[in-house]
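> To start, I am sharing the structure in question, which I have written as structure tokens.
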Amino acid sequence: MPSEILSDPGRRALARIRHCVHLHEQELLGLDDFFSQALPVLAEGLGCDRVSVWTYSQRGPQQALHCERLHHAGHDTTPLPPLVEQQHPDYFRELDRWGILSANDAQSHPALRSMREAYLLPHDIHSLLDVPFAVNGRRTGLLCGEQTGAPVEWSAAQISLMRQAGVIGSLLMHRLQGRARRPDALRFAG
8 MPSEILSDPG RRALARIRHC VHLHEQELLG LDDFFSQALP VLAEGLGCDR VSVWTYSQRG
68 PQQALHCERL HHAGHDTTPL PPLVEQQHPD YFRELDRWGI LSANDAQSHP ALRSMREAYL
128 LPHDIHSLLD VPFAVNGRRT GLLCGEQTGA PVEWSAAQIS LMRQAGVIGS LLMHRLQGRA
188 RRPDALRFAG
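Under the numbering used here, the first residue of the sequence shown carries the number 8, and numbering increases by one thereafter.
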């Protein structure tokens, strides 16, 4: 993931997201404020109108993704219902196989077929770019970029930005998990 593949907006977005991480680490920015600032920056860097962060949960053999925060066209909105592996096996399989899901035409992408009627069409989502992130090899979350209105062709620079933002997400989750084990962890809650 060389940074030279990033566009200027992508480089600026990563720098601003890293600054948000720094403020969060210095306890100057709570987790909610971090997401309120970082997600619009990522949307701007990607040039898309919806960006969300999701967390993984595991119940038995089934995985689920839970929307923690959604930023859409200039404002935060209500999180979305969970995505359950049993209902969307092709989607989860694609993420497991490739570590990314880049769908320029999300409404006809085979891995997103199960989401078409209930999610893609009602939200007018035409393009989707999902990148999971992990801590110690275990998936903990996912960043999702979406374009509504008309499809876009995700560029190498946009994919690189999303992957690098996923690395930042991995590091942030690792640090948050470390804090959760500390006796004073309650002061870091949301």
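No residue lacks a Cβ here, since even glycine has one placed at the ideal position from N, Cα and C.
Predicted, not measured: the structure shown is a model, and the values here were computed from it.
1. With C-beta atoms as the reference, is residue 163 less than 8 Å away from residue 24?
2. Decide if residue 157 is buried, meaning its Cβ has at least 16 other Cβ atoms within 10 Å, or exposed.
3. Suppose the cutoff is 8 Å on Cβ atoms and the five residues either side in sequence are ignored; what does the same chain contact list for residue 68 look like?
4. Consult DSSP for residue 139 and reduce its assignment to one of helix, strand or coil.
5. Buried or exposed for residue 147, please, with buried defined as at least 16 other CB atoms from any protein chain shown within 10 angstroms of its CB.
6. With distance defined between alpha-carbon atoms, name the residue in 133, 139, 112 nearest to residue 105.
7. Given this structure, state the Cα-to-Cα distance separating residue 34 from residue 115, to the nearest angstrom.
8. Here's the rule: buried if 16 or more other CB atoms are within 10 angstroms of the residue's CB, otherwise exposed. What is residue 29?
9. May I ask you to list the residues that DSSP assigns as paired with residue 65?
10. Counting C-beta neighbours from all protein chains within 10 Å, is the total for residue 154 16 or more, i.e. buried, or is it exposed?
11. Determine, using beta carbons only, whether residue 121 and residue 97 come nearer to each other than 8 Å.
12. What does the Cβ neighbour count give for residue 197, buried or exposed, with the cut at 16 atoms within 10 Å?
13. Which residues share a DSSP beta bridge with residue 109?
14. Would DSSP call residue 29 helix, strand or coil?
15. State the start and end residues of the unbroken beta strand (DSSP E) segment that holds residue 151.
16. Less than 6 Å between C-beta atoms, sequence neighbours within five positions excluded: which residues of the same chain meet that for residue 17?
17. Going by Cα to Cα distance, which pick from 128, 87, 133 is closest to residue 113?
18. How big is the Cα-Cα spacing for residue 171 and residue 124?
19. Compute the beta-carbon to beta-carbon distance between residue 5 and residue 20, rounded to the nearest angstrom, for a pair I have assumed lies under 8 Å.
Judging by the given coordinates:
1. In the sequence shown, residue 163 corresponds to position 156, counting from 1. In the sequence shown, residue 24 corresponds to position 17, counting from 1. Contact: no.
2. Numbered from 1 along the sequence shown, position 150 holds the residue referred to as residue 157. Label assigned to residue 157: exposed.
3. Within the sequence shown, numbered from 1, the residue matching residue 68 stands at position 61. No residues qualify anywhere along the chain.
4. As a first step, residue 139 is located in the sequence shown; it is residue number 132 there, counting from the start. Of the three classes helix, strand and coil, the one that applies to residue 139 here is strand, per DSSP.
5. For this step, residue 147 is matched to residue 140 along the sequence shown. Buried, because 16 or more other Cβ atoms sit within 10 Å of the Cβ of residue 147.
6. Mapped onto the sequence shown, residue 105 falls at position 98. Ranking the options by Cα distance to residue 105, first place goes to 139.
7. The residue given as residue 34 occupies position 27 in the sequence shown. The residue given as residue 115 occupies position 108 in the sequence shown. Residue 34 and residue 115: Cα-Cα distance of roughly 44 Å.
8. Residue numbering aside, residue 29 sits at position 22 when the sequence shown is read from its first letter. By the neighbour-count rule (16 or more Cβ atoms within 10 Å), residue 29 is not buried but exposed.
9. Residue mapping note: residue 65 aligns to position 58 of the sequence shown, counting from 1. Note: residue 65 sits in a beta bridge opposite 70.
10. In the sequence shown, counting from the first residue as 1, residue 154 sits at position 147. That one is buried.
11. For this step, residue 121 is matched to residue 114 along the sequence shown. For this step, residue 97 is matched to residue 90 along the sequence shown. For residue 121 and residue 97, yes; Cβs fall inside 8 Å.
12. Here the question's residue 197 lines up with position 190 in the sequence shown. With a pLDDT of 35 at residue 197, under the threshold of 50, the modelled position of this residue cannot be trusted, and the question is left open.
13. Along the sequence shown, one-based indexing puts residue 109 at 102. DSSP, once it has assigned bridges, lists 136 as partnering residue 109.
14. Along the sequence shown, read from residue 1 onward, the residue named residue 29 stands at position 22. Residue state for residue 29 is assigned as helix, using DSSP reduced to three classes.
15. If you number the sequence shown from 1, residue 151 lands on position 144. Unbroken beta strand (DSSP E) run through residue 151: 145 to 155.
16. If you number the sequence shown from 1, residue 17 lands on position 10. The residues are 52, 164, 168.
17. As a first step, residue 113 is located in the sequence shown; it is residue number 106 there, counting from the start. Measuring C-alpha to C-alpha distances from residue 113 to each of 128, 87, 133 identifies 133 as the nearest.
18. For the purposes of this step, residue 171 is identified with residue 164 of the sequence shown, where counting begins at 1. For the purposes of this step, residue 124 is identified with residue 117 of the sequence shown, where counting begins at 1. Those two C-alpha atoms are separated by around 31 Å.
19. With the chain represented from 8 up to 197, any question about residue 5 goes unanswered, as that position is not in the structure.
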